[in-house]
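Novice:
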Amino acid sequence: MEIPWQQLDEQTLVNLIESFVLREGTDYGLEEKSMEQKVADVRLQLQRGEAVLVWSELHETVTILPADGR
């Protein structure tokens, strides 16, 4: 089930994005990005509609997925 990120409390959204960034451990190339930069990147993807927040009833967790992969 998709969760409208715009309706979340600001701190809740930040916590969800930070949790996602820590789980993913994405390689950002030669230059490592700060946590703040990574959070900003994911937030921008949400704002652009490139990513969505999704609740998994099976796993009872929230994750962020590419919008075209939902």
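Add 7 to the 1-based position in the sequence shown for our numbering, that's all there is to it. Every residue, glycine too, gets a C-beta built ideally from N, C-alpha and C.
(1) What is the rounded straight-line gap between the Cα of Val46 and the Cα of Gln54?
(2) Pop quiz: Val28 and Met42 are said to be a contact at Cβ under 8 Å. What is the actual Cβ separation, rounded to whole angstroms?
(3) Looking only at its own chain, which residues have a Cβ that is under 6 Å from the Cβ of Ile10, when we skip the five neighbours before and after it?
(4) How about Leu72 and Arg50: do their beta carbons lie closer than 9 Å?
(5) I'd like the span of the beta strand (DSSP E) that includes Leu72, first residue to last.
Specialist: In short, the structure shows the following:
(1) Counted from its first residue, the sequence shown places residue 46 at position 39. Counted from its first residue, the sequence shown places residue 54 at position 47. Computed Cα separation, rounded: 12 Å.
(2) Counted from its first residue, the sequence shown places residue 28 at position 21. Counted from its first residue, the sequence shown places residue 42 at position 35. Sure, about 7 Å apart at Cβ, within 8 Å.
(3) Here residue 10 refers to the residue found at position 3 of the sequence shown. Closer than 6 Å at Cβ, skipping near neighbours: Leu60, Trp62.
(4) Sequence index remark: in the sequence shown, residue 72 carries index 65 (1-based). Sequence index remark: in the sequence shown, residue 50 carries index 43 (1-based). Against a cut-off of 9 Å, the Cβ pair of Arg50 and Leu72 comes out as no contact.
(5) Taking the sequence shown and counting its residues from 1, the one referred to as residue 72 is at position 65. From DSSP, the beta strand (DSSP E) with Leu72 extends over 68-73.
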